[in-house]
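Data block below; observations after.
In my numbering, the protein residues as written are 6 to 160.
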């Protein structure tokens, strides 16, 4: 075996300056993007109920797709709108306690309306909720005994 010596060429100051310039340009592009988001909580942590949800639920007669539920959270208060399978337009409003949203819903069908309480429980990953609801006219059930469910998955 022969022992070959590898000669190392010295790095010129121009090469070092060129490399530093490239690194500097990369940092100039990255630092503002990181600084803009630094310290700001994501929507999932700061207002986990806000967003658009595909929901489904049950009535005393059938399983139905409730439709799209759009929620906006401000502190511990949440408001929103939804449409349901019976061409009704509805609203919700509630208060957050831990991972629960407790409130009231109202739906208007044009000729008639309905309303009542609901409770939603947010999943740990904040991508879905499960809940129960009852109509104010349903005197036989309360939220704790209601067989009706209203579940959602984040869009």
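By construction, the Cβ of each residue, glycine as well, lies at the ideal position given by its N, Cα and C atoms. These figures come from a predicted structure and were not determined experimentally.
Contacts around residue i, its chain only, beta-carbon distance under 6 Å, and the 5 residues preceding and following it disregarded
i	result
residue 112	93, 95, 119
residue 133	158
residue 146	139
residue 78	52, 54, 55
residue 83	54, 76, 99, 106
residue 86	75, 96
residue 141	120, 121
residue 101	81
Alpha-carbon to alpha-carbon, residue j and residue i
i	j	result
residue 121	residue 160	25 Å
residue 129	residue 114	34 Å
residue 150	residue 80	29 Å
residue 166	residue 155	Nothing can be reported for residue 166, as the shown portion of the chain is limited to 6 through 160.
residue 62	residue 152	10 Å
residue 123	residue 108	6 Å
residue 58	residue 103	19 Å
For residue i, the residue or residues it bridges with in DSSP
i	result
residue 61	156
residue 79	82
residue 88	94
residue 122	109
residue 73	59
residue 148	Beta-bridge pairing links residue 148 to no other residue.
8 Å Cβ shell around residue i - same chain, five flanking residues per side excluded
i	result
residue 117	none
residue 48	Bear in mind that a pLDDT of 46 at residue 48, under 50, signals an unreliable position, so the number given afterwards is only what the model happens to contain. Contacts found: 55, 56.
7 Å CB neighbourhood of residue i in its chain, flanking five on each side removed
i	result
residue 72	60, 87, 88, 89, 90
Residue i: first and last residue of the uninterrupted beta strand (DSSP E) it sits in
i	result
residue 98	94 to 102
residue 137	133 to 138
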